[in-house]
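One gets this note's numbering by counting positions in the sequence shown from 1 and adding 189 to each.
For every residue, glycine included, the Cβ atom is placed at its ideal position computed from N, Cα and C.
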Amino acid sequence: MRKLISRKNTNQRNCINTYICSVKSIKNTVWWITGASSGIGKDMAIYILNNGGNVVLSSRNEVKLKEVILQCNANENNYLILPLDLENTGNTEEICFTVIKKFSKIDFLINSGGISQRSTVAETSLDVDRRIMETNFFGTVALTKAVLPIMIKQQSGHICAVSSVVGKFGFPLRSAYSASKQALHGFFESLRAENVKNNIKVSLIIPGRINTSISNNALTKDGKVHGVLDDGQANSMSSTKAAKIIINGILKEKKEVLVGGKELLMVYIRRWFPRLFYYLASRVNTK
Ligand SMILES: NC(=O)c1ccc[n+]([C@@H]2O[C@H](COP(=O)([O-])OP(=O)(O)OC[C@H]3O[C@@H](n4cnc5c(N)ncnc54)[C@H](OP(=O)(O)O)[C@@H]3O)[C@@H](O)[C@H]2O)c1
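Pasting the structure below:
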């Protein structure tokens, strides 16, 4: 019994230590987050600002980015609102210069901006496939390539890409989305291997279902927004909880951070029982 209580106390102490350690590690660091106007990106920005970090908040919607700032303890010295469109990344070097001018360094880049899909391969226009690849893959790659020389010069930094469980397998109604996320794995694993010598860390974040507007904002076959909060989404993990898990995973320098609920099981079913996975995936209603 005494052993059990002492183990419980040690666990509690470890939890508190982990929390204190993560808060300490956030203090005075500089994080650049895309997709910071909504969902996971927004809650990561709030968590970091509330714990003494500095954040560059990026997405297309400047008004929404300013509203995020109103929800946390931040003063002007600690944040920079830097609108950008991942579909149009011709000015990435220029905006990197703006970040360096304000903060002199970039410790973390979290590529969270992205767009999902709700349409079958047969019905989806190639323009929609290209748009999803442009936003989720090429936009993320462009920003990463602009930040990389800064981190190489610093000889430190940490770059993260928010992928998805469908970055681990293909799934009905997500063809281009899944392809864009799987492409991220190839790119960022290569980036990691090339930059160990430069002391640059790379993490892939793999959410299952998180309760955000992702399904509302998803593109349908002709590029219109889906506009529906899917049932699965509505009953899933909150984005505030997901944000904390992700940031703590990053601070622990995890190469992959899986976050979500029981849907994460699909990753293991695909790995260990592929035939069961193929069967389950084929049963999804695509109407
Ligand atoms: N929620 C989930 O269940 C789930 C699961 C797996 C993976 N993910 C991934 O998690 C990341 C965050 O998604 P979320 O769930 O937080 O969804 P969300 O609430 O819809 O947020 C998406 C963010 O991406 C930004 N964005 C979209 N297109 C952009 C563009 N062209 N340029 C710049 N920013 C753009 C949006 O901002 P603006 O509209 O202001 O540009 C918004 O801030 C995404 O990469 C998503 O694929 C989410």
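Quick one: what's got a C-beta closer than 6 angstroms to residue 223's C-beta in the same chain, skipping five residues either side? Once the five neighbours on either side are set aside, the close Cβ partners of residue 223 are 247, 300, 301, 302.
Quick one: is the Cβ of residue 239 within less than 7 angstroms of any heavy atom of ligand 1? Checking the 7 angstroms criterion, the Cβ of residue 239 is out of range of every heavy atom belonging to ligand 1.
Report, in whole angstroms, the separation of the C-beta atoms of residue 243 and residue 268, which I expect to be a contact under 8 angstroms. That belief holds up - the Cβ atoms of residue 243 and residue 268 are roughly 7 angstroms apart, short of 8 angstroms.
Closer than 8 angstroms is the cut-off here; do at least three beta carbon pairs connect the segment 305 to 317 with the segment 390 to 407? Contact between the segment 305 to 317 and the segment 390 to 407 is present, because at least three Cβ pairs lie under 8 angstroms.
Is there at least one non-hydrogen atom of ligand 1 closer than 7 angstroms to the beta-carbon of residue 422? A distance criterion of 7 angstroms places the beta-carbon of residue 422 in contact range of ligand 1, judged by its closest non-hydrogen atom.
Less than 7 angstroms between the CB of residue 275 and some heavy atom of ligand 1, yes or no? Within 7 angstroms of the C-beta of residue 275 there is at least one heavy atom belonging to ligand 1.
Secondary structure at residue 411, three-state DSSP: helix, strand or coil? Residue 411: coil per DSSP, three-state reduction.
Given residue 254 as reference, the closest of 356, 221, 214 once Cα atoms are compared: Among 356, 221, 214, the Cα nearest to that of residue 254 belongs to 221.
The alpha helix (DSSP H) spanning residue 237 covers which residue range? From DSSP, the alpha helix (DSSP H) with residue 237 extends over 228 to 239.
Pair every Cβ in the segment 383 to 391 with every Cβ in the segment 354 to 371, then say whether three or more of these pairs are closer than 8 angstroms. The way I'd put it, the segment 383 to 391 doesn't touch the segment 354 to 371; fewer than three beta-carbon pairs between them come closer than 8 angstroms.
Taking only three categories from DSSP, how would you classify residue 327? In the structure shown, residue 327 falls within a helical segment according to DSSP collapsed to helix, strand and coil.
Can you tell me which of the three DSSP states residue 344 falls into? When DSSP states are grouped into helix, strand and coil, residue 344 belongs to the coil group.
Report the rounded CA-to-CA distance for residue 464 versus residue 322, giving the unit in angstroms. Taking the straight line joining both Cα atoms gives about 28 angstroms.
Per-residue DSSP class, three states only, for residue 260: If DSSP states are grouped into helix, strand and coil, residue 260 belongs with coil.
Can you check whether the CB of residue 435 is closer than 8 angstroms to the CB of residue 456? No, they are not a contact pair.
Distance, Cα to Cα, residue 471 vs residue 314? The straight-line gap separating the alpha-carbon atoms of residue 471 and residue 314 is approximately 22 angstroms.
Which stretch, first to last residue, makes up the beta strand (DSSP E) that contains residue 463? Counting along the chain, residue 463 sits inside no beta strand (DSSP E); it lies in the alpha helix (DSSP H) bounded by residues 463 to 471.
Measure from the C-beta of residue 251 to each C-beta in chain B and report whether the shortest distance is under 8 angstroms. The structure shown contains no chain B, having only a single protein chain.
Give the list of continuous beta strand (DSSP E) stretches no shorter than 3 residues that lie fully inside the segment 401 to 457. If we require 3 residues or more, the beta strand (DSSP E) runs fully inside the segment 401 to 457 come out as 445 to 448.
Confirm the yes/no value for this check: CB of residue 305, any heavy atom of ligand 1, distance under 7 angstroms. Taking 7 angstroms as the cut-off, the C-beta of residue 305 counts as close to a heavy atom of ligand 1.
Inter-residue spacing [alpha-carbon to alpha-carbon] between residue 466 and residue 292: Cα to Cα, residue 466 sits roughly 47 angstroms from residue 292.
For a test of the three-state rule: what should DSSP assign to residue 255, helix, strand or coil? In the three-state scheme derived from DSSP, where H, G and I count as helix and E and B as strand, residue 255 is classed as helix.
According to DSSP, residue 481 sits in a beta bridge with which residue or residues? There is simply no residue 481 to check, as the chain begins at 190 and stops at 476 in what is shown.
Secondary structure of residue 246, DSSP reduced to three states: DSSP places residue 246 in strand when its eight states are reduced to three.
Less than 8 angstroms separating the beta-carbons of residue 367 and residue 326? Not a contact, by the Cβ cut-off of 8 angstroms.
Length of the line joining the Cα atoms of residue 187 and residue 345: As shown, the chain starts at 190 and ends at 476. That puts residue 187 outside it, with no answer to give.
With C-beta atoms as the reference, is residue 241 less than 8 angstroms away from residue 428? Contact: no.
Under the three-state reduction of DSSP, which class applies to residue 396: helix, strand or coil? Strand.
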